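Residue numbers (the numbering used here): 1 to 144. Glycine included, C-beta positions come from ideal geometry on N, C-alpha and C. Computed from a prediction, not measured in an experiment: that's the story for all the values here.
Structure (structure tokens):
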């Protein structure tokens, strides 16, 4: 089945201007055009958009995504390259998750700190006793 740019925008939540940009940048290597010149998106293009949005969310650059799209268009000869690219992205995302988990622990700790201070109406009894959940990565106490 083929979809118009408006249909794809509605289905994905990606603005039509962004879809046009992705096409212009070569990120949709299989996108076809109707005789009228309008873009005709297929299910393959929708799958590619899902991958592009995923890679974008991981912080991948447009130039790296262009390389991936080029490899996808080249077919089976680039399977190893595409696999390696996703292994690298996987490692980067796992590192991001670890960093975010550390940040979440600090935020949870500070939520508890301020909940206790709000209940007491002051933080004076907590100052100098606020031990962050990091082991040696930051100072062991913090005020405010």
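- Out of 101, 58, 63, 69, the CA that lies nearest to the CA of residue 88 is found in 58.
- In terms of Cβ geometry, residue 40 and residue 2 form a close pair [threshold 7 Å].
- Counting along the chain, the unbroken alpha helix (DSSP H) around residue 44 starts and ends at 43-57.
- Per DSSP, the continuous alpha helix (DSSP H) segment holding residue 63 begins and ends at 62-74.
- Measuring C-alpha to C-alpha distances from residue 45 to each of 64, 118, 104, 7 identifies 7 as the nearest.
- One thing to note: residue 113 has its Cβ within 7 Å of the Cβ of residue 130.
- Taken atom to atom, the span from the alpha-carbon of residue 81 to that of residue 73 is near 13 Å.
- A Cβ-Cβ contact shorter than 7 Å links residue 28 with residue 22.
- Per DSSP, the unbroken alpha helix (DSSP H) holding residue 11 starts and ends at 5-12.
- Burial of residue 5 is indicated by the presence of at least 16 other C-beta atoms within 10 angstroms of its C-beta.
- Sequence-distant partners of residue 116 (beyond 5 residues in either direction) whose C-beta falls short of 7 Å from its own C-beta, in its chain, are 126.
- In this structure, the CA atom of residue 95 is about 33 Å from the CA atom of residue 16.
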